[in-house]
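Take a look at the structure set out below.
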């Protein structure tokens, strides 16, 4: 299995080096370069096989909500008149995970360490902001963020930074919009109701409740 992973890494590296633009000025050309995309997708099969061949605890998928496909395609708004949190237009779990009944978070000790799947050269060349835009556009465009196993933790952390910033601006925009339409003063801030003698406990409980309501699957592993 290690040989397959190494072969895919070598193929991606060679293709990145021999491609004129790399992942740079003509990003879209490389983004849709079939060899790189197919190698990344094929590595997904090895990644899931590594999880199944290793130590796996009880699957989490059976306890999670089913995936819904009727989602808003807008980043800054949901259905008209709906104040529910934004739901991304991409599936929460990939079809292969659902088919196998296992999720990367179920893995205790994979046959091949997760670090072996990281492609450092690809992660260094990747323009995370542009790839994040493809990620948000949905499943119709290839994005390396749909295949997080190939990205280094630093690259995924940068993607999370962009995601958090966009969510913050989105929440602020929606807060201002709803306050204006409801005739209330504009206060685009998170409000927590806490008791003076239980500030920390109450704040953690309220933040946890809000996070649970708007939680989404992140780029794990």
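Numbering (the numbering used here), first residue to last: 227 to 447. Beta carbons are placed, not taken as given, at the ideal position from N, Cα and C, and that holds for glycine.
Exercise for review: Quick one: grab the DSSP three-state call for residue 334.
Suggested key: Here the question's residue 334 lines up with position 108 in the chain shown. Correct three-state label for residue 334: strand.
Review point. To which residues of the same chain is residue 381 closer than 7 Å at the C-beta, ignoring the five residues directly before and after it?
Key: Position 155 of the chain shown holds residue 381. Setting aside the 5 residues that flank it on each side, residue 381 is surrounded in the same chain by 349, 352, 354, each with a C-beta closer than 7 Å to its C-beta; the list follows chain order.
Review point. With 16 other CB atoms within 10 Å as the buried threshold, where does residue 375 fall?
Key: By 1-based counting over the chain shown, the position of residue 375 is 149. Buried: at least 16 other Cβ atoms inside 10 Å.
Exercise for review: Run the CB neighbour count on residue 266, radius 10 Å, all protein chains shown included, and call it buried at 16 or more, exposed below.
Suggested key: By one-based count along the chain shown, residue 266 stands at place 40. Around the beta carbon of residue 266, 16 or more other beta carbons sit within 10 angstroms, so the residue counts as buried.
Review point. Which partner residues does residue 282 have in the DSSP bridge list?
Key: Mapped onto the chain shown, residue 282 falls at position 56. Its beta-bridge partners are 333.
Check your understanding: Quick one: what does DSSP say residue 344 is sitting in, helix, strand or coil?
Key -> Sequence index remark: in the chain shown, residue 344 carries index 118 (1-based). DSSP places residue 344 in coil when its eight states are reduced to three.
Check your understanding: Rounded to the nearest angstrom, how far is the Cβ of residue 235 from that of residue 357, given a contact under 8 Å?
Key -> Numbered from its first residue, the chain shown carries residue 235 at position 9. Numbered from its first residue, the chain shown carries residue 357 at position 131. Their Cβ separation, rounded to whole angstroms, is 18 Å, which puts residue 235 and residue 357 out of contact at 8 Å.
**Study point:** Alpha-carbon spacing of residue 242 relative to residue 426, whole angstroms
**Key:** The count along the chain shown starts at 1 and reaches residue 242 at position 16. The count along the chain shown starts at 1 and reaches residue 426 at position 200. C-alpha of residue 242 to C-alpha of residue 426: approximately 50 Å in a straight line.
**Study point:** residue 377 versus residue 371 - alpha carbon distance
**Key:** For this step, residue 377 is matched to residue 151 along the chain shown. For this step, residue 371 is matched to residue 145 along the chain shown. Distance between the alpha carbons of residue 377 and residue 371 is about 8 Å.
Point to revise | Distance CB(residue 231)-CB(residue 342) smaller than 8 Å | key: Here residue 231 refers to the residue found at position 5 of the chain shown. Here residue 342 refers to the residue found at position 116 of the chain shown. Contact: yes.
**Study point:** Contact under 8 Å by Cβ, residue 362 with residue 280
**Key:** On the chain shown, position 136 is the one that residue 362 refers to. On the chain shown, position 54 is the one that residue 280 refers to. No.
Point to revise | With 16 other Cβ atoms within 10 Å as the buried cut-off, status of residue 385 | key: By one-based count along the chain shown, residue 385 stands at place 159. Buried: at least 16 other Cβ atoms inside 10 Å.
Point to revise | Distance, residue 422 Cα to residue 339 Cα | key: Counting from one through the chain shown, the residue named residue 339 turns up at place 113. Counting from one through the chain shown, the residue named residue 422 turns up at place 196. Using only the alpha carbons, I get a separation of about 47 Å.
Exercise for review: Helix, strand or coil for residue 230, going by three-state DSSP, please let me know.
Suggested key: Against the chain shown, residue 230 aligns to sequence position 4. Residue state, collapsed to three classes: helix.
Review point. For the alpha helix (DSSP H) that residue 381 lies in, which residues bound it at each end?
Key: Reading the chain shown from its first residue, position 155 is the one you call residue 381. Run containing residue 381: 379-407, per the alpha helix (DSSP H) assignment.
Check your understanding: Pick from 239, 237, 228, 407: whose alpha carbon is nearest that of residue 176?
Key -> Beyond the ends of the chain as shown, which are 227 and 447, falls residue 176; an answer cannot be given.
Exercise for review: Note down, in chain order, each residue of its chain lying with its Cβ closer than 8 Å to the Cβ of residue 239, except the 5 sequence neighbours on either side.
Suggested key: By one-based count along the chain shown, residue 239 stands at place 13. Contacts found: 345, 347, 348.
Check your understanding: Using the beta-carbon count (16 or more within 10 Å), is residue 220 buried or exposed?
Key -> The structure shown does not extend to residue 220, since the chain is modelled only from 227 through 447, so no value can be given for it.
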